[in-house]
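A.B. asks:
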Amino acid sequence: MAALLIASCALLVLAAAPSAAAKNGFSFGVAAGDVSQHAAKLWAHAKKAGKATLELQSRGRPRCDEGDQGEPKAKAKKSDNFTINKKVKGLAAGTEYLFRFCFGDVASKVGSFETPPAKGKSKTIEFAITGDYDAQKAPGASKPYWNNFDVFKRMLGENNDFNLLLGDTIYTDTEVPDVPTSEIALSVKQKWGKYRMNLKQKKLAALRSSATTYSHWDDHEFINDFARGMNEFGGTSQIPGAGLTATNGETLYQRGVRAFRDYAPVTYSKQNGLYRTFQWGKNLEIFMPDERSFRSTPADYQGVCNNPSTGEPDLVPTAPQSYRDQFALLIPSLATPVSQQCLDTINDPNRTMLGQAQFNRLVNDVATSVAKWKVIVNEVPIQQLYVNPYDYWEGYAAERRRLIDTLNARGVRNLVFLTTDIHANLYNEINFNSLGPDPIVHSGYFEIITGPAATATFAVEADRAAFSGANAVLYNRVLKPQPPDGVGTICAAIDRFSYAQVKVKAGQLTVNYKDIKGQPVQETSGPDVKGTCAPIVFNAQ
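The numbering of the sequence shown is the numbering used here, which starts it at 13 and goes up by one.
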């Protein structure tokens, strides 16, 4: 598909214009984002400021010709870190395009993307999703600390119709040990540097050049567990050496938005944030809510949910005390009951993840979608996990329940949530009261969480946050036991770099978890292999 066309086109270009390749005025490949049936946003990064032309065609190969004045114009500006974002319209549905940017006869890499099929056309669609990646090196090292971004090489090999890069596309505050806190990227310039650092990994740049890419932010494009109403950040044991960072939340938001938009071809507005939907023929529509721009401050902000014995946010504030007591020998702070103020804040119906306008729009768009399968691309988990819930949907408990109840009341079927953020592969139904004491409530909707591509796994973070070996306790005594003894996670692989490969056709949606080698993900707790996560198959209702 796209990758094959790029390869053949690249060979032709190199044969025809070796001098252009030698004096390339561009870096980090190209990208096509927010692609709909008839429009797309095309991206490149130039090495200097100047006016460029865009060569775009569905047949033959694009070529740069200094005398061609009829092509669309684009501009690389120093104020945008020399990035180019060019929106093109009038495209044909269900068509593959090749494109490149040119400074005279100096050309960028050739990119490829496919527009979605017409909304009434039934076609099998394949795509992959991952997130959470950081090319940061440890002090004194020559290679990225976590891995060489091989997840993106595997995704490229899938030859997908499109790919989703969902959240934490940079790490403003890296999880790599011993990196000084002075390197936390608070300014626009520092954030630009983080994007360039990641895109220097050629496997990521190649993936973005190869096919339609939908990019989305989460918190680390801003800073860990970000909300606009906050002015203090950090202090978590999950990020080694990170102390409290004091900065104005609104200022940090504006900086994060600017840097992200420079390096990801996306559609953003003050009113709608990053909310977008894209329909791929008759069988699939994806919905991408913005879970950062409009959210209330987290329940643990300014110490509301701090455990008195640790001075840090309680690890499992919503778990019943009888359940907490079972783990008190391992984590003594759990013997101390959670304050009522903390629980009231978590359950406050006035606190919001989406904001009312976006909530209404999301529900209405999903409920009125004519696509067979509806996929909500979720920045943070919505299944019930209990562990450190403040940044997740669980930390906005009333709206979480209202969203699920409203979708059910509107009769929405064939709905799946796809999520990253938590650095694990976790597949489960979205339930309420999994640990009791009230009876469990089943929603009928399921969430598939995947990743990370290249940062600390959930197992590593669990050990950092609690004690060495905490990941095994988490797996064996929280995730896998059935309610009310645990949350009954169907698949729980918490120590694997990974992505989810999705195939959608009229009667079925199938998900395969794949690891950094492109193999089926193994359920793990530390070094112990528990079994393979079987393909996840949903049959249409």
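Glycine included, each C-beta is placed from N, C-alpha and C at the ideal position.
For Pro547, name the three-state secondary structure that DSSP assigns.
C.D. replies: Of the three classes helix, strand and coil, the one that applies to Pro547 here is coil, per DSSP.
A.B. asks: Counting along the chain, where does the alpha helix (DSSP H) carrying Arg373 start and finish?
C.D. replies: Element bounds for Arg373: Gln368 to Thr380.
A.B. asks: State the DSSP-derived secondary structure class of Trp405, mapped to helix, strand or coil.
C.D. replies: Trp405 falls in the helix class under three-state DSSP.
A.B. asks: Taking only the alpha-carbon atoms, compute the straight-line gap between Ala484 and Asn175 and give it to the nearest angstrom.
C.D. replies: Taking the straight line from one Cα to the other gives about 32 Å.
A.B. asks: Under the DSSP definition of a beta bridge, which residues are partnered with Ile137?
C.D. replies: Val516.
A.B. asks: In the DSSP assignment, what residue or residues form a beta bridge with Thr431?
C.D. replies: BP columns for Thr431 point to Asn390 and Ile461.
A.B. asks: For my contact list, Ala468 and Lys384 are in at a C-beta cut-off of 8 Å; report their separation, rounded to the angstrom.
C.D. replies: Actually they do not touch by this definition, with Cβ atoms about 37 Å apart.
A.B. asks: How far does the alpha helix (DSSP H) with Arg336 in it reach, from first residue to last?
C.D. replies: Note, Arg336: alpha helix (DSSP H), Gln333 to Asp337.
A.B. asks: To which residues does DSSP link Met300 through a beta bridge?
C.D. replies: Partner(s): Arg288.
A.B. asks: When the Cα atoms are used, what is the spatial distance from Asp337 to Asp497?
C.D. replies: Rounded to the nearest angstrom, the two C-alpha atoms are 13 Å apart.
A.B. asks: So, Gln534 versus Ala505, is the Cβ gap smaller than 8 Å?
C.D. replies: Yes; because the gap between Cβ atoms is below 8 Å, this pair is in contact.
A.B. asks: Exposed or buried, Ala421, counting other C-beta atoms within 10 Å across all chains shown (16 or more means buried)?
C.D. replies: By the neighbour-count rule (16 or more Cβ atoms within 10 Å), Ala421 is not buried but exposed.
A.B. asks: Who are the Cβ neighbours of Phe523 in its own chain at under 6 Å, not counting the five residues just before and after it?
C.D. replies: A small fix is needed here, since residue 523 is Val in this sequence, not Phe. Answer for Val523: Ile460, Ala512, Val514 and Ile548, listed in chain order.
A.B. asks: Among residues of its own chain, excluding the 5 on either side of Ile137, which ones have a beta-carbon nearer than 7 Å to its beta-carbon?
C.D. replies: These residues qualify, in order along the chain: Asp173, Trp292, Gly293, Asn295, Leu296 and Val516.
A.B. asks: Helix, strand or coil for Leu211 per DSSP?
C.D. replies: Three-state DSSP puts Leu211 in a helix.
A.B. asks: How about Asp403 and Gly143: are their beta carbons less than 8 Å apart?
C.D. replies: Cβ atoms of Asp403 and Gly143: not closer than 8 Å.
A.B. asks: Checking the sheet assignment: what are the DSSP bridge partners for Gly123?
C.D. replies: Per DSSP, Phe111.
A.B. asks: Tell whether a beta-carbon distance below 8 Å holds between Gly102 and Arg112.
C.D. replies: Cβ distance not < 8 Å, so Gly102 and Arg112 don't count as in contact.
A.B. asks: Does DSSP put Tyr280 in a helix, in a strand, or in coil?
C.D. replies: Three-state result, Tyr280: coil.
A.B. asks: Excluding sequence positions up to five away, which residues of its chain have a Cβ less than 6 Å from the Cβ of Ser120?
C.D. replies: Closer than 6 Å at the Cβ level, and outside the excluded window around Ser120, lie Phe38, Val42, Ala56, Arg112 and Phe113.
A.B. asks: Can we say the region 300-310 touches the region 437-449, given the rule of at least three CB pairs closer than 8 Å?
C.D. replies: No: the two stretches stay apart, fewer than three of their Cβ pairs being nearer than 8 Å.
A.B. asks: Applying the criterion that 16 or more other CB atoms from any shown protein chain within 10 Å of the CB defines a buried residue, is Gln283 buried or exposed?
C.D. replies: Burial call: exposed.
A.B. asks: For Ser227, list the residues DSSP reports as bridge partners.
C.D. replies: The partner list for Ser227 (beta bridge, DSSP) reads Leu177.
A.B. asks: Since I believe Leu211 is in contact with Phe164 (beta carbons under 8 Å), could you give me their beta-carbon distance rounded to a whole number of angstroms?
C.D. replies: Rounded, the Cβ-Cβ distance is 11 Å, inconsistent with contact.
A.B. asks: Relative to the C-alpha of Asp146, which residue among Tyr487, Ile502, Leu110 and Ala466 is closest?
C.D. replies: Checked all of Tyr487, Ile502, Leu110 and Ala466; the closest Cα to Asp146 is Ala466.
A.B. asks: What are the partner residues of Leu219, as DSSP defines its beta bridges?
C.D. replies: Beta-bridge pairing links Leu219 to no other residue.
A.B. asks: DSSP state of Lys85, grouped into three classes?
C.D. replies: Three-state DSSP puts Lys85 in a strand.
A.B. asks: Would you mind stating whether Lys87 and Ala64 have Cβ atoms separated by less than 8 Å?
C.D. replies: Closer than 8 Å, so yes.
A.B. asks: Check each candidate in Ala379, Ser70 and Lys89 and name the one with the smallest Cα separation from Lys60.
C.D. replies: Checking every option, the nearest Cα to that of Lys60 belongs to Lys89.
A.B. asks: Under DSSP, the beta strand (DSSP E) around Gln69 begins and ends at which residues?
C.D. replies: Per DSSP, Gln69 belongs to the beta strand (DSSP E) from Gly62 to Gln69.
A.B. asks: With 16 other CB atoms within 10 Å as the buried threshold, where does Leu427 fall?
C.D. replies: Classification of Leu427: buried, given that the 10 Å Cβ count is 16 or more.
A.B. asks: Report the rounded CA-to-CA distance for Arg166 versus Pro156, giving the unit in angstroms.
C.D. replies: Arg166 and Pro156: Cα-Cα distance of roughly 18 Å.
A.B. asks: Between Thr357 and Val316, is the Cβ-Cβ spacing less than 8 Å?
C.D. replies: Their beta carbons are under 8 Å apart, which means Thr357 touches Val316 by this criterion.
A.B. asks: Indicate the three-state DSSP secondary structure (helix, strand or coil) for Tyr265 in the structure shown.
C.D. replies: If DSSP states are grouped into helix, strand and coil, Tyr265 belongs with the helices.
A.B. asks: So for Gly456, helix, strand or coil by DSSP?
C.D. replies: Strand at Gly456.
A.B. asks: Can you round the beta-carbon distance between Ala347 and Ala340 to whole angstroms, since I take them to be within the 8 Å contact cut?
C.D. replies: Ala347 to Ala340, Cβ: 4 Å. Contact.
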